[in-house]
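Working notes, structure below.
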Amino acid sequence: MILVEGETDRYFFRALLQERHLSLEQEISVLHVGGKGQLQKWRSLFTSFGLRVYAIADFDYIVNLHYRESKSTKLKTTAQISEFKRSNPDWEQHLINLRKDRIFILSEGNLEIYLGTEKDLSHVIEFCQNRLTSFLSDETSSRSSEVKSIIDTIATE
114 MILVEGETDR YFFRALLQER HLSLEQEISV LHVGGKGQLQ KWRSLFTSFG LRVYAIADFD
174 YIVNLHYRES KSTKLKTTAQ ISEFKRSNPD WEQHLINLRK DRIFILSEGN LEIYLGTEKD
234 LSHVIEFCQN RLTSFLSDET SSRSSEVKSI IDTIATE
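Per the numbering used here, the very first residue in the sequence shown carries number 114; after that it's consecutive.
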């Protein structure tokens with residue numbers, strides 16, 4: 114089971130799973146939990162049933178987990194994220210440690226930054242229908258490489 118923050122994330126990661134691991138489409142559920150504040154609650158619930166649970170969250174989720182004093186920090190733009198990373202050089206080690214717990218943080222921001230779309234389900238649907246294949250085949254894109262690595266790790270674990 115993969116838990117994500119919202120409906121756009123659910124649609125994208127479902128499409129990504131279908132594109133890269135079609136045979137597992139019926140085996141792995143993708144559930145949106147209604148925001149990053151709900152991830153841990155749902156993760157605990159499903160884990161208590163003995164399920165293998167993964168979470169994929171936007172970069173700002175790292176603040177909830179490790180930088181509570183920075184809770185008011187906005188991390189919506191690449192400039193804000195870059196400044197946060199400069200001010201908190203240990204951010205990358207936190208992401209590495211979270212992966213060991215099956216929590217994947219998008220290291221460059223939110224899904225819309227990765228896809229270059231507006232924050233709206235219709236834009237993500239259009240992206241998945243018309244641009245997903247070219248996005249995934251772009252070997253020079255760190256964003257493409259990261260989401261492929263996340264879904265491949267989940268699918269092969």
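Note that the Cβ used here is the ideal one computed from N, Cα and C, for glycine as well.
According to DSSP, is His134 helix, strand or coil? Position 21 of the sequence shown holds residue 134. Residue state, collapsed to three classes: coil.
Going by the CB atoms, is the gap between Glu138 and Leu144 shorter than 9 Å? Counting from 1 along the sequence shown, the entry for residue 144 is found at position 31. Counting from 1 along the sequence shown, the entry for residue 138 is found at position 25. No, they are not a contact pair.
Going by DSSP in three states, Phe248 sits in which element: helix, strand or coil? Translated into the one-based positions of the sequence shown, residue 248 becomes position 135. Collapsing the DSSP output to three states places Phe248 in a helix.
Endpoints, the alpha helix (DSSP H) within which Val143 is located: Indexing the sequence shown from 1 puts residue 143 at position 30. Note, Val143: premise wrong, no alpha helix (DSSP H); beta strand (DSSP E) at 143 to 145.
Just the Cα atoms here: how many angstroms apart are Ile264 and Ser183? Reading the sequence shown from its first residue, position 151 is the one you call residue 264. Reading the sequence shown from its first residue, position 70 is the one you call residue 183. For Ile264 and Ser183, the distance between alpha carbons rounds to 29 Å.
Can you check whether the CB of Leu219 is closer than 9 Å to the CB of Val260? For the purposes of this step, residue 260 is taken as residue 147 along the sequence shown, with counting starting at 1. For the purposes of this step, residue 219 is taken as residue 106 along the sequence shown, with counting starting at 1. Contact flag set, yes.
In the DSSP output, what is Val117 paired with across the bridge? Position 4 of the sequence shown, counted from the start, is the residue given in the question as residue 117. In DSSP, Val117 forms a bridge with His145, Ile169.
Just confirm the distance between the C-beta atoms of Phe272 and Ile115, as a whole number of angstroms; I'd bet it's less than 8 Å. In this structure the chain extends from 114 to 270, so residue 272 is not present and cannot be described.
Secondary structure at Phe240, three-state DSSP: helix, strand or coil? In the sequence shown, counting from the first residue as 1, residue 240 sits at position 127. Helix.
Under the three-state DSSP convention, the category Phe162 falls into: Here residue 162 is taken as the residue at index 49 of the sequence shown, counted from 1. Three-state result, Phe162: coil.
Inter-residue spacing [alpha-carbon to alpha-carbon] between Tyr180 and Ser247: Position 67 of the sequence shown, counted from the start, is the residue given in the question as residue 180. Position 134 of the sequence shown, counted from the start, is the residue given in the question as residue 247. Roughly 36 Å separates the two Cα atoms.
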